[in-house]
Structure formats: C-alpha cells, structure tokens
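Engineer: Below is the structure I would like to discuss, written out as structure tokens.
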Amino acid sequence: MDLITKTQDHVTAIFKKKLPAGMAFHHIGHTRTVVAGIRMLTAGVFLNEWERHAVLIAGWFHDTGYCYTYEGHEAISMTLAGDFLRAEGRSENFIKLVYDCIRATQMPQTPQTLLQMIICDADMLHLSRPDYLEKAAMLRLEWEFICKRTYTDDAWTQLNYDHLMSHQYFTDMGKLEWSAGKERNLRLLERQLPEQDL
1 MDLITKTQDH VTAIFKKKLP AGMAFHHIGH TRTVVAGIRM LTAGVFLNEW ERHAVLIAGW
61 FHDTGYCYTY EGHEAISMTL AGDFLRAEGR SENFIKLVYD CIRATQMPQT PQTLLQMIIC
121 DADMLHLSRP DYLEKAAMLR LEWEFICKRT YTDDAWTQLN YDHLMSHQYF TDMGKLEWSA
181 GKERNLRLLE RQLPEQDL
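Just so you know, we're using UniProt numbering here: the sequence shown kicks off at 1 and counts up by one.
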C-alpha cells in the first residue's frame, strides 16, 4: 500500500474513533474536500514526488488535532502526523515539510512557500463552492456546540461577509479558478446583509 493511501486510512480511522460530537464542519468530509483541492492545485504546477506527497499528507492530517482539542489544534495535528510518518520510516526533513504546511493553515493564513499556499487555498476551497452557505451554517452549529459562541442571523451574515471580503487565494490557480465562485457567494451574502442606517 502506498504512503498516501496509508495516510488516508490512518486519518479516516482517527476521525471515526476520536472526533467529538458536535463537529458539524471540521470532520472527514471537510478533510476530503481539502485533499481534493490540493490535488487540483498540484496538477497544474511542477512539484517533485517528495513535495507532492508532503502537501497531500499535510492535507490529510491538518485537522486531526480537532479530535483532541479545538484551540491550537494545529500543534496536535503536527504531532499526529510526525508520529505516523516516523513509524513509516520518513526522514525528519520530510516531516518538517509536512509540519510547515500544517502550521500554515493556522488563521490568519500567512503562507511563505508554494506548498503552504497550496494547502491554505485548498483549506478555503469551500468559500468558492455553490454549497458555501450550507457549509457556513455547519460551522455556525459547530461553534455554538463546541465553543459556546452564538450569533444572530445578521451578525453571522456580517461575519461571513467580512471574512470573504478580506480573504485572498494565494496560488495562481486559486485566483483564476476559485475567485469567481467566491465572488458569487459574496454577492449572496451581500443581499442578506441588514440595511445600514444612513
């Protein structure tokens, strides 16, 4: 079995066994979407196998820390990835590359390398998709259940609008292929914003 398939099986098992109740957004479905986004973004650029494997593995592991903690989950995700990769006999240099990709997904995103840009864009692929509003509603439920953070409908719409307004895709393909979908979702949110008092 190749390393990516082993990683997929390992991460799927972690989510199945350890993910707390109430995680309506950050679950294996979101992870699969991120990995699909990474595959799309890496298809159009020249990467060696080492780099391609590193960013894919980071994509699989980047949210596994949510199975153990909400705040600061990236550090736990890195530990889980490192333990797995050492057991698979991977070098510390390779593991550091995976770590750096996972760390880059921490908000606010400030990726420094192409691999980090790829995983950051893939992690925000949902902003461009037709089901964005449904995904956002799932995140709202998760924050309410796990973080005890509640929002009025107007406040939630404003929060999402502000996020999409401030967000940028970093890769050329992300800008080219996904920005239009994000713009459509921004317009949907704009129509839902409460009217401002003049």
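The beta carbon of each residue, even a glycine, is placed where N, CA and C say it ideally should be.
In its own chain, which residues sit with a C-beta less than 8 Å from the C-beta of D154, not counting the 5 before and 5 after it?
Structural biologist: Excluding sequence neighbours, D154 sits near L193, P194.
Engineer: For N185, which residues of its own chain have a beta-carbon under 6 Å away from its beta-carbon, when the five flanking residues on both sides are left out?
Structural biologist: For N185, where only same-chain residues beyond five positions count, the Cβ hits under 6 Å are Y132.
Engineer: For L189, is the classification buried or exposed, using 16 other Cβ atoms within 10 angstroms of its Cβ as the cut-off for buried?
Structural biologist: Its Cβ being crowded by 16 or more others within 10 Å, L189 is buried.
Engineer: Of all the alpha helix (DSSP H) runs that stay within the bounds of the stretch 4-80, which reach a length of 4 or more residues?
Structural biologist: Within the stretch 4-80, the complete alpha helix (DSSP H) runs of at least 4 residues are 28-43, 49-61.
Engineer: State buried or exposed for T157, treating a residue as buried only when at least 16 other CB atoms are found within 10 Å of its CB.
Structural biologist: With 16 or more Cβ atoms within 10 Å of its Cβ, T157 is classed as buried.
Engineer: If you reduce the DSSP assignment to three classes, tell me which class E183 lands in.
Structural biologist: Of the three classes helix, strand and coil, the one that applies to E183 here is helix, per DSSP.
Engineer: Measure the C-alpha to C-alpha separation of G181 and N160 and round it to an integer number of angstroms.
Structural biologist: Straight-line Cα distance between these residues: approximately 15 Å.
Engineer: To which residues of the same chain is L127 closer than 7 Å at the C-beta, ignoring the five residues directly before and after it?
Structural biologist: Only L164, H167, K182, N185 meet the Cβ criterion.
Engineer: Could you give the first and the last residue of the continuous alpha helix (DSSP H) run that contains Y132?
Structural biologist: First-last of the alpha helix (DSSP H) with Y132: 132-142.
Engineer: So, for I57: in the same chain, excluding its five sequence neighbours on each side, which residues have a beta-carbon less than 8 Å away from its beta-carbon?
Structural biologist: Closer than 8 Å at Cβ, skipping near neighbours: L3, I4, T7, A81, L85, V98.
Engineer: Note down the Cα distance separating H10 from R149, rounded to an integer number of angstroms.
Structural biologist: Roughly 31 Å between the two C-alpha positions.
Engineer: Can you look up E177 in the DSSP assignment and give me helix, strand or coil?
Structural biologist: The answer is helix: DSSP assigns E177 an H, G or I state.
Engineer: Would you call C147 buried or exposed, if buried means 16 or more other Cβ atoms sit within 10 Å of its Cβ?
Structural biologist: Exposed, because fewer than 16 other Cβ atoms sit within 10 Å of the Cβ of C147.
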